[in-house]
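> One structure is given below, represented as structure tokens, and several questions about it will come after.
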Amino acid sequence: CPELELTIPCNEHVCPVNCTVTDWVDSECSEPCGPGTITQTRTIVEDQAGTGTPCPDLEQTIDCQIKLCDVDCVVSEYEPLHPCTQLCGSGTQDFSRVVLQEAVSDGLACPPLTKTLVCNIQPCEAVMWVFYDGVLVNTLGLTEEPE
């Protein structure tokens, strides 16, 4: 008798399986302050097979910034605003300076930008006139424009 049953192979192709991956896992920001980067990674849960969807990238880098970096205030040196108010007998002189860099985040704040100092504290022996900073001045502090 002839064989009553015949087996023929079919569906021999691989069934499509889509790749699946875990959620992103973040590294720490590369810098404690200011601009930095975070590396994100993920792993394959099930790999792609047949005509299934291939796996996406498993690593990427993104920008991060935890906080602004602290920057201390920077100021110039003091410069006199005018000469001493007296030639003798104790006068005052005002000074000022400018901010070159404002404080950022938790940086040190700017110190005072003006100050007044006592100057010419020597006693006045007698009234005398001198030409001082383009003006005729006496030791009592009186001024007269030169002619």
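Sequential numbering from 1317 applies to the sequence shown in this note's numbering. The beta-carbon is built from N, C-alpha and C at its ideal position, and this holds for glycine as well. Computed from a prediction, not measured in an experiment: that's the story for all the values here.
(1) Can you look up Asp1379 in the DSSP assignment and give me helix, strand or coil?
(2) Measuring alpha carbon to alpha carbon, tell me which of Ile1360, Asp1373, Glu1441, Leu1429 ends up nearest Asp1410.
(3) At which residue ranges does the stretch 1322-1380 contain complete beta strand (DSSP E) runs of 3 or more residues, listed in the order of the chain?
(4) So who's on the other strand from Ser1406, going by DSSP bridges?
(5) What is the DSSP secondary structure of Pro1318, counted as helix, strand or coil?
(6) Would you report the Cα separation of Cys1400 and Pro1427, rounded to the nearest angstrom?
(7) Would you kindly work out how many angstroms separate the C-alpha atoms of Glu1328 and Ala1365, rounded to a whole number?
(8) Excluding the 5 residues preceding and the 5 following Cys1389 in the sequence, name in chain order all residues of the same chain whose CB lies nearer than 8 angstroms to its CB.
(9) With a Cβ-Cβ cutoff of 8 angstroms, do Thr1338 and Thr1359 count as a contact?
Reading from the atomic positions:
(1) On the sequence shown, residue 1379 is found 63 positions in, with the first residue counted as 1. The answer is strand: DSSP assigns Asp1379 an E or B state.
(2) Reading the sequence shown from its first residue, position 94 is the one you call residue 1410. Considering only alpha carbons, the answer is Leu1429.
(3) 1352-1357, 1360-1362, 1375-1380
(4) If you number the sequence shown from 1, residue 1406 lands on position 90. Its beta-bridge partners do not exist; DSSP assigns none.
(5) Translated into the one-based positions of the sequence shown, residue 1318 becomes position 2. DSSP places Pro1318 in coil when its eight states are reduced to three.
(6) The residue you call residue 1400 lines up with position 84 of the sequence shown. The residue you call residue 1427 lines up with position 111 of the sequence shown. Whole-angstrom Cα-Cα distance: 23 angstroms.
(7) For the purposes of this step, residue 1328 is identified with residue 12 of the sequence shown, where counting begins at 1. For the purposes of this step, residue 1365 is identified with residue 49 of the sequence shown, where counting begins at 1. Cα-Cα distance, rounded: 14 angstroms.
(8) Numbered from 1 along the sequence shown, position 73 holds the residue referred to as residue 1389. Here the set comprises Val1415, Gln1417, Glu1418, Ala1419, Gly1423, Leu1424, Ala1425, Cys1426, Pro1427.
(9) Counted from its first residue, the sequence shown places residue 1338 at position 22. Counted from its first residue, the sequence shown places residue 1359 at position 43. Taking 8 angstroms as the Cβ cut-off, Thr1338 and Thr1359 qualify as a contacting pair.
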